[in-house]
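*Asks:* When we follow our numbering, the leftmost residue of the sequence shown carries the number 7, and every step to the right adds one.
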Amino acid sequence: MSEHTRMLDAANEPTSEQVAEWIGSQNSGRWTEFTGFIDSRYPGLFETKWWFGGKKFGWSLRFKKSKSFCNLIPERGQFRVLLVFGAEEREKVEPVLSELTSHVRDDYTNARTFHDGKWVSVVVDSTKVLADVERLLVLKRRPKV
7 MSEHTRMLDA ANEPTSEQVA EWIGSQNSGR WTEFTGFIDS RYPGLFETKW
57 WFGGKKFGWS LRFKKSKSFC NLIPERGQFR VLLVFGAEER EKVEPVLSEL
107 TSHVRDDYTN ARTFHDGKWV SVVVDSTKVL ADVERLLVLK RRPKV
């Protein structure tokens, strides 16, 4: 994690401008596209708020209803998406793993499973990976539109 440091200043919730500068212009475009995807497919469904996970994990933008939908984690020069898949959700994801990029497939396969689900962390470093993560979200929860 030292190579791609996170936003660790607990006293200052990140602004959109700070995130864009932190993750870089190309990744900022993907961040905006991804949050736009959630807003358009799941309008008004999730509470979106910044959450500070401590000095080790820093800030993340959390999309949550009764349980977490996903977290976007800004890191220096990149960002990652954290998804937690329960048992029923994993049954939907695993049949399509072979259709995903090797990067996303490996992140899913190598993720640890805890009592509350499989915690999958994916660095969104291309439009293909972005599309794969969006597909995983649709499998996790059917869109409203």
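C-beta atoms are modelled at their ideal positions from N, C-alpha and C, and glycine is treated no differently.
None of the values given here were measured: they were computed from a predicted structure.
Check whether the stretch 56 to 66 touches the stretch 103 to 115, counting contact only when three or more Cβ pairs, one atom from each stretch, lie closer than 8 Å.
*Replies:* At 8 Å Cβ cutoff, the stretches do not touch.
*Asks:* Where Met-13 and Trp-37 are concerned, what is the direct C-alpha to C-alpha distance, given to the nearest angstrom?
*Replies:* If I take the Cα positions, the gap works out to 15 Å.
*Asks:* Using a Cβ-Cβ cutoff of less than 6 Å, which residues in the same chain neighbour Lys-98 once the five nearest sequence positions on both sides are dropped?
*Replies:* These residues qualify, in order along the chain: Leu-145.
*Asks:* Does the beta-carbon distance from Pro-80 to Val-130 come in below 8 Å?
*Replies:* Cβ atoms of Pro-80 and Val-130: not closer than 8 Å.
*Asks:* Should Asp-113 be labelled buried (16 or more other beta-carbon atoms within 10 Å of its own) or exposed?
*Replies:* Asp-113 comes out buried.
*Asks:* Rounded to a whole number of angstroms, what is the C-alpha to C-alpha distance between Ala-137 and Ile-44?
*Replies:* So the alpha carbons of these two residues sit roughly 12 Å apart.
*Asks:* Checking the sheet assignment: what are the DSSP bridge partners for Gly-123?
*Replies:* Beta-bridge pairing links Gly-123 to Phe-120.
*Asks:* In the structure shown, what three-state DSSP assignment does Asn-18 receive?
*Replies:* Looking at Asn-18 - three-state DSSP - the assignment turns out to be coil, as it is neither helix nor strand.
*Asks:* Just how far apart, CA to CA, sit Glu-27 and Val-126?
*Replies:* Looking at the two C-alpha atoms, the distance is approximately 25 Å.
*Asks:* Rounded to whole angstroms, what's the CA-CA distance from Pro-49 to Phe-69? Just pull it up for me.
*Replies:* Cα to Cα, the separation comes out at about 12 Å.
*Asks:* For the alpha helix (DSSP H) holding Arg-82, just list the boundary residues, first then last.
*Replies:* Taken as a continuous stretch (DSSP letters only), Arg-82 belongs to no alpha helix (DSSP H), as it is neither H nor E.
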